[in-house]
Amino acid sequence: MRERKTAERAAKWVAGLFSMLLLTGGAVGPRLRAQNTPAQDYLFYVVCESSDQIVRVRFGPGGIRIDHSVRTGLMPTDINGPHGIVISPDREFYYVAVAHGRPFGSLWKYKAGSDEMVKYTGLGLFPATSDITKDGNFVYVVNANFHGDMVPSSVSVISTEGMIEVKRIPTCTMPHGSRMNPQGTKHYSVCMMDDMLVEIDTSTFRVSRTFLLAKGHEMGMEGPPAGHAMGAAGGATCVPTWAQPSNDGSKIYVACNKSSEIVEVDTASWKMTRRFAAGPGAYNLAMTKDGRLIVTNKRGQSVSVFDPATGKELALISTKRKVVHGAVVSPDNRYAFITIEGIGTEPGTVEVIDLETLKTVATLDVGQQAAGIDFWKMEPSKTQ
């Protein structure tokens with residue numbers, strides 16, 4: 003009797019499995035895995051500082067690969083150092099901030115897709131991160147001045163039509179991070195050596211407010227900075243490297259690279275509303291469409307995903323190489339694309355994080371010191 007019942011159970015299990023195979027086309031495992039396979043191609047651009055490359059990357063059902071690359075910069079025998087990249091709202095052009103020059107850096111305009119250079123213009127010392135206004139008319143570039151004297155620097159505003167620098171706005175020492183709010187009315191950057199967040203009014207090209215970020219000295223102020231007091235007072239404690247507006251612009255999240263913290267500033271009250279621990283060397287930030295905060299941990303060989311409303315770390319994702327740099331989220335909120343610089347002669351790396359599983363799903367070696375990154379477009383896969 004026992005043997006017959008066992009045989010009946012086995013027969014039912016086999017019949018159930020057979021039915022499942024019929025429904026799934028004969029392969030249960032591949033079907034489940036296919037649910038996490040991209041249905042289309044995602045294309046984005048990466049700049050590689052130490053190889054002077056602009057790389058277009060394609061990720062889709064066929065995997066990840068370099069779609070095209072082009073060299074940038076004026077100096078054929080020296081490193082030009084492309085650092086930041088931003089794509090125009092109409093996806094027709096992209097702009098690359100080139101850090102090195104004789105003596106100044108520059109901003110380069112390219113046609114997206116063909117990667118044909120249109121024009122370039124000179125800027126200040128070591129142009130770094132860039133962002134563009136909603137109408138595509140102006141690019142804001144921070145003149146980071148990484149290798150110059152510890153003196154206040156500036157943010158350059160460039161008219162994209164003629165590639166003319168229309169304004170150079172004085173801010174504070176070693177500016178970095180360049181992000182517009184969603185409304186396009188304010189531009190935010192930070193100053194690494196002054197522990198300062200800077201807000202620029204895009205209608206006037208003037209600094210409207212600043213915010214001191216040093217722990218125990220947090221303070222919002224109206225108007226431009228009175229000086230670089232935090233640096234003069236004995237050194238910065240936060241060393242901010244990025245300012246990321248929330249999806250509605252009501253909050254600004256600042257990465258404190260030295261103290262490995264995130265500072266949340268409310269834009270209405272211009273007060274700090276939260277400070278929470280982050281990964282080692284929190285560096286660059288990006289926001290997902292559902293409000294999660296992505297943090298690249300430059301000293302931690304990892305990427306963190308936070309719920310900024312609670313300060314809870316939702317995931318800590320290890321990376322293939324060290325010196326994690328930039329992050330961008332696909333418009334459909336499906337993937338985060340991360341750049342890693344690498345060390346010495348190592349190639350730079352691009353890694354793809356699935357925002358549903360919070361796991362790395364693809365890795366690609368590119369040119370040395372992969373840095374700035376921006377998303378271009380989605381299109382039907384060429385492998386289908």
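Letter by letter, the sequence shown follows residues 3 to 386 of the numbering used here.
Idealized CB from N, CA, C, for every residue including glycine.
*For V241, three-class secondary structure by DSSP*: coil
C-alpha gap between A373 and A329, whole angstroms: 9 Å
Note to self: One question on the structure: do S191 and P172 come within less than 8 Å of each other, judged by their Cβ atoms?
What the structure shows: no
Hey, does S261 have any beta-carbon neighbour from chain D nearer than 8 Å? Absent here is chain D; the protein component of the structure consists of one chain.
Discussion item. Run through the DSSP bridge pairs and tell me what P172 is partnered with.
Written reply: S156
**Prompt:** Between which two residues does the beta strand (DSSP E) harbouring S191 extend?
**Reply:** 188–193
**Asked** At which residues does the beta strand (DSSP E) containing A257 begin and terminate?
**Response** 253–258
Outcome for D80 when other beta-carbon atoms lying within 10 angstroms are tallied against a minimum of 16:
exposed
Whole angstroms is fine: what's the gap from V256's alpha carbon to E163's? 31 Å
Local conformation of S383 per DSSP, three classes:
coil
Spatial neighbours of M182 in its chain, beta-carbon cut-off 6 Å, leaving aside the 5 residues before and after: D133, H189
Original post:
Counting along the chain, where does the beta strand (DSSP E) carrying M77 start and finish?
Top reply: No beta strand (DSSP E) contains M77, which DSSP labels as neither H nor E.
**Message:** Need the endpoints of the beta strand (DSSP E) that H85 sits in, please.
**Reply:** 84–89
* To do: Report yes or no: do the region 78–95 and the region 113–121 share at least 3 C-beta pairs separated by less than 8 Å?
  => yes
Around the Cβ of L316, are there at least 16 other Cβ atoms within 10 angstroms (buried) or fewer (exposed)?
exposed
Less than 6 Å between C-beta atoms, sequence neighbours within five positions excluded: which residues of the same chain meet that for Q303? T321, K324
Tell me the rounded alpha-carbon separation between G62 and Q42. 6 Å
Notebook entry, point to check: Which class does A130 belong to by DSSP, given the choice of helix, strand or coil?
Noted result: strand
Legend entry - Length of the line joining the Cα atoms of G75 and Q371: 16 Å
Can you round the beta-carbon distance between G150 and L127 to whole angstroms, since I take them to be within the 8 Å contact cut? 5 Å
Note to self: Could you compute how far the alpha carbon of D1 sits from the alpha carbon of T290?
What the structure shows: One cannot answer for residue 1 here, as it falls past the ends of the chain, which runs 3 to 386.
Burial state of H85, where buried means 16 or more other Cβ atoms lie within 10 Å: buried
| query | Considering only the beta carbon of each residue, do T131 and V144 sit closer than 8 Å? | reply | yes
| request: Compare the Cα-Cα distances from Y47 to each of K384, M380, T385 and report the closest residue. | output: M380
Q) Taking the Cβ atom as the reference point for each residue, do P247 and L215 lie within a distance shorter than 8 Å? A) no
What is the DSSP secondary structure of M221, reduced to helix, strand or coil?
-> strand
- Query: In this structure, does DSSP put L24 in helix, strand or coil?
  - Reply: Unreliable positioning characterises L24 in this predicted model, as indicated by a pLDDT of 32, which lies under 50. A coordinate reading is not provided.
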